[in-house]
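Take 1168 as the starting number for the sequence shown in our numbering and just add one per residue.
I have placed the structure first, in the form of structure tokens, so that the comments after it can refer back to it.
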Amino acid sequence: MKLKKKLVVFTGAGISAESGIGTFRDSGGLWEKYKIEDVATPEAWAKNRALVLDFYNQRRKHAMEATPNTAHLLLAELEKHYDVQIITQNIDNLHERAGSTKVLHLHGEIMKARSTADPTLIYELSGWEIKLGDTCAKGSQLRPHIVWFGEMVPNMDMAATYVQMADVFVVIGTSLNVYPAAGLVEMASADTPKYLIDPAAFNLLHIPKLTHIAEKAGNGVKKLVQLLT
Ligand code: NAD
């Protein structure tokens, strides 16, 4: 049997935009309505748990109503031809719902809750709300299973290893503003073909063998599939 080539795909908020989930930094994006420091930091949690829970409850509700778009679905189909590893900065589960089988979440998962006393206690949520007073098995308040600004990114080393092993590396819909995740783009080997799918302009000329497909995710991934299969 011929081994499939390893296709590593690094996605950001832009891939879920066509599913109706807003990005953070685009105009009309989430951070125009909320301040990061009020809702997505350990300090915010210490100051106002109700506000933080409410922010993520709204995100969860919205993510549950959204459905995978063409880009998510085509990436799942590419598993017929490639060993596809998704690395996502997104907290939604649209890659999984589209059928992708290997998805590494860098910034956490909105459909999970975690104990505030023991980080190994992680729970799958079926509803949209975590309420004040919802507790883990050890009796402490549950928090969203999200990596907040200022927290460590536990899956970063694993992600870097995947990128270094890639035969083909694809980046979709990320402004490359949030570190350390954005640094992944620099880690693929010099001779690995790389594709960036994002309608915005980027200054990445220093990265060898990079093709910029300046399209929204759906059309961009259609073009990618034509190039790769
Ligand atoms: P970002 O908001 O900083 O950047 C979004 C990027 O997507 C921009 O480069 C923009 O040009 C591009 N884009 C916009 N519409 C697009 C489309 N239709 N197709 C392709 N690209 C499109 O997002 P980021 O770089 O992912 O970083 C912000 C952080 O926000 C991440 O940590 C991520 O976890 C989080 N986030 C997640 C979600 C989600 O889970 N769906 C949504 C918003 C933000």
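Ideal Cβ placement from N, Cα and C applies to all residues, glycine included.
Here the structure is a predicted model, which means the values were calculated and not measured.
Taking the alpha-carbon positions, what's the N1370 to E1246 distance?
-> 30 Å
Cβ-based neighbour list, I1203, same chain, cut-off 8 Å, excluding 5 preceding and 5 following = F1316
Quick one: complete beta strand (DSSP E) runs, 3+ long, within the stretch 1275–1355?
-> 1275–1282, 1289–1291, 1309–1313, 1335–1339
Excluding sequence positions up to five away, which residues of its chain have a Cβ less than 7 Å from the Cβ of P1366?
-> Within the same chain, P1366 has close Cβ partners A1381, E1382, K1383.
Whole-angstrom distance between M1323 and Q1393, CA atom to CA atom = Approximately 30 Å, taken between the alpha carbons.
Name the one or two DSSP bridge partners that I1253 has.
-> Beta-bridge pairing links I1253 to V1176, V1270.
With respect to 6 Å, is the separation between the Cβ of A1367 and the closest non-hydrogen atom of the ligand NAD below this value?
-> yes
Close Cβ partners of L1309 (< 8 Å) along its chain, the five nearest in sequence each way excluded = A1280, R1281, S1282, T1283, Y1290, I1297, D1301, T1302, C1303
Beta strand (DSSP E) segment containing R1362, residue limits | According to the sequence provided, residue 1362 is Tyr. The question's Arg does not apply to it. Counting along the chain, the beta strand (DSSP E) containing Y1362 begins and ends at 1361–1364.
Compare the beta carbon distance of P1375 and A1355 with 7 Å and say whether it is the shorter of the two.
-> no
Within its chain, find whatever has a CB closer than 6 Å to the CB of V1206; leave out the 5 residues flanking it on each side and keep chain order.
-> So the qualifying residues of the chain are V1219, F1222.
Would the beta-carbon of H1274 be found less than 6 Å away from any heavy atom of the ligand NAD?
-> yes
Quick one: what does DSSP say I1380 is sitting in, helix, strand or coil?
-> When DSSP states are grouped into helix, strand and coil, I1380 belongs to the strand group.
Just the Cα atoms here: how many angstroms apart are Y1362 and V1352?
-> 10 Å
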